[in-house]
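Colleague: Could you have a look at this structure, given as structure tokens, before my questions?
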Ligand SMILES: *[C@@H]1O[C@H](CO)[C@@H](O)[C@H](O)[C@H]1NC(C)=O
Ligand SMILES: *[C@@H]1O[C@H](CO)[C@@H](O)[C@H](O)[C@H]1NC(C)=O
Ligand SMILES: *[C@@H]1O[C@H](CO)[C@@H](O)[C@H](O)[C@H]1NC(C)=O
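Numbering (our numbering), first residue to last: 2 to 388.
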């Protein structure tokens, strides 16, 4: 009961700048949507997915995978028109924003459709220049036929999701340490936050506040998106939003220490370290749990349709609002190489065929990293969502 909370508790769980007015600092929308991003031109070398991320700016034959449609929506999709023979990978898209955003930012992500289907693993997330030293925020993420979005933070050791926070989602693991855990996860409880349900409800909106006082993620299905968002133009007032789906207050995680300025990322991979784990994939999608690469051979190869017909983002806009314009930066120096430490682990059975279009790397796992231990937790979460 809210009334049972002391004022002190209440104050400690409210975002410090909850009443602040934010100013529009960047908009990704319409025909200019893709100009604010760089395309990855590489196979998935961070989560071991069975995709080749392609760059339509280098080869226009890929422009059917990332384009702005006649309604002005940004479409980002998996190739569903190519017959992919074993052991090749399937083409997909990963984009990273040119801009980085410091604490004091609120991002709004408005989509009509999220990718889903067997093997499909999409995400809208953020990461610092150095991973995991500067943190990762997973705002929208799910796999296969999951129906509920899962949010998470990934950091170095020492950051956790505080207990007793005023959030509407269900907490999973609370340790945000990326090198031995799945990150600190919160599962969305509002209906239609992922998969077919999200699309049939007309999509929805996520808002993420990245603040020194904490990191907070809200979700609204289309019919309940607040007027403060639908009418926001140059400024945004977040004071009436109520409790977020996921709350990571600074009492559990010193945001200033564990998070640097964040770059936005949108990607769709296939199988890999989460969607492709046999104990997670098979209960949702079938196949033989003991077959090598069961997700890959069951879902990825051969014809792309109909399995990947729903594997696309349809995005109305992404906007960044800041306490002031200096939240935006474009790092000029520094290494883009992640600084991951510790042993690599890979859930058994999710390895990628080592020949073909691109070979799997042994220098794998950097950002977005899941350990064997993490996969166990994720397996449980995956099973829970099917119950
Ligand atoms: C691929 O998927 C799109 C929707 O994302 C669909 O319109 C199209 O018909 C599919 N292509 C084929 C060859 O089936
Ligand atoms: C902008 O906001 C940040 C974060 O609150 C603050 O540290 C900085 O001093 C502000 N800059 C200006 C120019 O107001
Ligand atoms: C993945 O590939 C990209 C592009 O070649 C490269 O910049 C990056 O360092 C690679 N990451 C890992 C973890 O190998």
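Just so you know, even glycine gets a beta-carbon here, dropped at the ideal spot from N, CA and C.
All figures in this text were calculated on a predicted structure; none of them were measured in a lab.
Can you find the residues in the same chain that come closer than 6 Å, C-beta to C-beta, to residue 289, ignoring five residues on each side of it along the sequence?
Modeller: 295
Colleague: If residue 41 and residue 95 are in contact, beta carbons under 8 Å, what's the gap, nearest whole angstrom?
Modeller: 4 Å
Colleague: Considering only the alpha carbon of each residue, which of 137, 239 and 225 lies closest to residue 203?
Modeller: The shortest Cα separation from residue 203 among 137, 239 and 225 belongs to 225.
Colleague: Closer than 8 Å is the cut-off here; do at least three beta carbon pairs connect the stretch 111-119 with the stretch 237-257?
Modeller: no
Colleague: So, residue 400 versus residue 150, is the Cβ gap smaller than 8 Å?
Modeller: This structure leaves residue 400 out entirely; the chain is present only between 2 and 388.
Colleague: Excluding the five sequence neighbours on either side, which residues of its own chain have a C-beta within less than 7 Å of the C-beta of residue 157, listed in chain order?
Modeller: 133, 134, 178 and 259
Colleague: Assign residue 93 to one of two classes, buried (16 or more other C-beta atoms within 10 Å of its C-beta) or exposed (fewer than that).
Modeller: Around the beta carbon of residue 93, a 10 Å sphere encloses 16 or more other beta carbons of the protein chains shown; the residue is thus reported as buried.
Colleague: Given a threshold of 16 other Cβ atoms within 10 Å of its Cβ, counted over all protein chains shown, does residue 307 qualify as buried or as exposed?
Modeller: exposed
Colleague: Return the chain-ordered list of same chain residues with a C-beta closer than 8 Å to the C-beta of residue 331, the five sequence neighbours on each side being excluded.
Modeller: Excluding residues within five positions, the ones whose Cβ falls inside 8 Å are 99, 100 and 101.
Colleague: Let's test the definition: count the other Cβ atoms within 10 Å of the Cβ of residue 255 and tell me whether it reaches 16, buried, or not, exposed.
Modeller: Counting the other CB atoms within 10 Å of its CB gives residue 255 a total below 16, which places it among the exposed residues.
Colleague: Taking the alpha-carbon positions, what's the residue 82 to residue 189 distance?
Modeller: 33 Å
Colleague: Compute the minimum distance between the beta carbon of residue 257 and the heavy atoms of ligand 2, and state whether it is under 7 Å.
Modeller: Distances from the CB of residue 257 to the heavy atoms of ligand 2 are all 7 Å or more.
Colleague: Would you list, in sequence order, the uninterrupted beta strand (DSSP E) runs of no fewer than 3 residues that lie entirely inside the stretch 133-180?
Modeller: 137-142 and 151-155
Colleague: Do residue 129 and residue 212 have their C-beta atoms within less than 8 Å of each other?
Modeller: no
Colleague: For residue 47, is the beta carbon positioned less than 7 Å from some heavy atom of ligand 3?
Modeller: Indeed, a heavy atom of ligand 3 lies less than 7 Å from the Cβ.
Colleague: I'd like the span of the alpha helix (DSSP H) that includes residue 279, first residue to last.
Modeller: 279-286
Colleague: Using C-beta distances below 6 Å, list every residue in its chain close to residue 187, excluding the 5 sequence neighbours before and after it, in chain order.
Modeller: 152, 170, 172 and 247
Colleague: Would you kindly work out how many angstroms separate the C-alpha atoms of residue 49 and residue 154, rounded to a whole number?
Modeller: The alpha-carbon atoms of residue 49 and residue 154 are separated by roughly 20 Å.
Colleague: Candidates 253, 245, 79 and 75: which alpha carbon is nearest residue 176's?
Modeller: 253
Colleague: Compare the Cα-Cα distances from residue 27 to each of 298, 269 and 108 and report the closest residue.
Modeller: 108
Colleague: Spell out the partners DSSP gives residue 28 in its beta bridges.
Modeller: 320
Colleague: When burial is assigned at 16 or more other CB atoms within 10 Å of the CB, is residue 265 buried or exposed?
Modeller: With 16 or more other Cβ atoms within 10 Å, it is buried.
Colleague: Compute the minimum distance between the beta carbon of residue 131 and the heavy atoms of ligand 3, and state whether it is under 7 Å.
Modeller: no
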